[in-house]
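Novice: Take this structure, written in structure tokens, and hold onto it; I'll ask about it next.
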Amino acid sequence: MADATIELPLSFQVPEEFTDIDFQVSAETNTNRLIERLNMVDPKPSQEEIAHAVLAQQSMYELLSAAGAVYAGTLLYGPTKDNPEEKLSSVILTVTARPSELSNDQTVHRLSRALGAIYPDAEVGVVVLAVGPVVLMTEERKVEKPVNLLGDGGGPTVVRQLHAFVPIPGRLAMADFAIATENLADWDSCVEVLAGVCRTITFPETDSAATT
-15 MADATIELPL SFQVPEEFTD IDFQVSAETN TNRLIERLNM VDPKPSQEEI AHAVLAQQSM
45 YELLSAAGAV YAGTLLYGPT KDNPEEKLSS VILTVTARPS ELSNDQTVHR LSRALGAIYP
105 DAEVGVVVLA VGPVVLMTEE RKVEKPVNLL GDGGGPTVVR QLHAFVPIPG RLAMADFAIA
165 TENLADWDSC VEVLAGVCRT ITFPETDSAA TT
């Protein structure tokens, strides 16, 4: 896994297969990097698929920036020489800084109840990880226009996403670790990816205070 740090006092690792979206550079620079990656895919995507991917990533860049995302990465997978019929698809991993009314684990159960009320069709619960109690939420949304980076621009599709809301020690803030995909057949793999990322979360400021 590759190290990732953000402005919040935490660090984590993401699988090396993910390609970071760099919020320190322009959307154009990120788009050029995406095109380079797509041109290396074998079999190569069609020009229509590449054009759709470019538009989707530019839109995602703007939305994530406005939402306060501090990390975003994409994983592309699909047809291979051995399985050329596999559909091109993508997985998006994001980390977003969000305010919190309470600090530390005091906010977890309140947030869980609030999310359950706001999203009655979602699965919401509290689990205890190595970093402490966190809120998990799984939901599905019907998207009229596919958001898959390599979608063909067809009809409505279902996007499933899993959020892990992690309180930041000593701050009225939390980190929202989320993974989303339209490829529901590989959902279990996506869950494991997010679980693996969450297992690497550390709070450097907390560790430093404990050793002084």
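Numbering of the sequence shown is given in the numbering used here, commencing with residue -15 and proceeding in unit increments. Glycine included, each C-beta is placed from N, C-alpha and C at the ideal position. These numbers were taken from a predicted model, which means no experiment stands behind them.
(1) Quick check on DSSP: helix, strand or coil for S30?
(2) Do you know how far the Cα of S10 is from the Cα of I(-10)?
(3) Please state whether DSSP places S84 in a helix, a strand or coil.
(4) If we count Cβ pairs, one from each stretch, closer than 8 Å, do we get three or more for the segment 43 to 59 versus the segment 7 to 26?
(5) Consult DSSP for V181 and reduce its assignment to one of helix, strand or coil.
(6) Which residue's Cα is closest to the Cα of V143: A157, G109, L168 and I152?
(7) Got a sec? Which residues, its chain only, sit under 7 Å from I185 by beta carbon, not counting five neighbours each side?
(8) Measuring only the C-alpha atoms, how far is E1 from I76?
(9) Identify which residue in Q31, Y55, L59 and N14 has its Cα closest to the Cα of T165.
(10) In the DSSP output, which residue or residues are listed as bridge partners for L(-6)?
(11) For H147, which option in D170, V38 and E176 has the closest C-alpha, if you only look at C-alpha atoms?
(12) Quick check on the DSSP output: the alpha helix (DSSP H) that includes L113 runs from which residue to which?
(13) For A35, does the count of other Cβ atoms within 10 angstroms reach 16, so buried, or fall short, so exposed?
(14) Do you know offhand how far L99's Cα is from L120's?
(15) Just the C-alpha distance for S84 and Q90, rounded to the nearest angstrom, thanks.
(16) Tell me where the alpha helix (DSSP H) around A169 begins and ends.
Specialist: Straight from the coordinates:
(1) The residue given as residue 30 occupies position 46 in the sequence shown. Annotated three-state conformation of S30 is coil, per DSSP.
(2) To locate residue -10, count along the sequence shown from 1; it is residue 6. To locate residue 10, count along the sequence shown from 1; it is residue 26. Because I(-10) carries a pLDDT of 46, less than 50, the predicted location of this residue cannot be relied on, and no value is offered for it.
(3) Start at 1 with the first residue of the sequence shown, and residue 84 comes out as number 100. Under the three-state reduction of DSSP, S84 is assigned to coil, being neither helix nor strand.
(4) A contact exists between the segment 43 to 59 and the segment 7 to 26.
(5) Counting from one through the sequence shown, the residue named residue 181 turns up at place 197. Note: V181 maps to helix in three-state DSSP.
(6) On the sequence shown, position 159 is the one that residue 143 refers to. Per the Cα distances, L168.
(7) Residue numbering aside, residue 185 sits at position 201 when the sequence shown is read from its first letter. Contacts found: L(-6), F(-4), V115 and V150.
(8) As a position in the sequence shown, residue 1 is number 17, starting the count at 1. As a position in the sequence shown, residue 76 is number 92, starting the count at 1. Rounded to the nearest angstrom, the two C-alpha atoms are 12 Å apart.
(9) Taking the first residue of the sequence shown as position 1, residue 165 is located at position 181. For T165, the closest of Q31, Y55, L59 and N14 by C-alpha to C-alpha distance is L59.
(10) Locating residue -6 in the sequence shown gives position 10, counting from the first residue. Answer by DSSP bridge pairing: none, since L(-6) is not bridged.
(11) Position 163 of the sequence shown, counted from the start, is the residue given in the question as residue 147. Of the candidates D170, V38 and E176, the one whose C-alpha sits nearest the C-alpha of H147 is E176.
(12) For the purposes of this step, residue 113 is identified with residue 129 of the sequence shown, where counting begins at 1. From DSSP, L113 is part of no alpha helix (DSSP H) but of the beta strand (DSSP E) over E107 to L113.
(13) As a working mapping, residue 35 is identified with position 51 in the sequence shown. By the neighbour-count rule (16 or more Cβ atoms within 10 Å), A35 is not buried but exposed.
(14) Looking up residue 99 in the sequence shown gives position 115. Looking up residue 120 in the sequence shown gives position 136. Looking at the two C-alpha atoms, the distance is approximately 10 Å.
(15) Along the sequence shown, read from residue 1 onward, the residue named residue 84 stands at position 100. Along the sequence shown, read from residue 1 onward, the residue named residue 90 stands at position 106. Looking at the two C-alpha atoms, the distance is approximately 10 Å.
(16) Taking the sequence shown and counting its residues from 1, one reaches residue 169 at position 185. DSSP places A169 outside any alpha helix (DSSP H), giving it a letter other than H or E.
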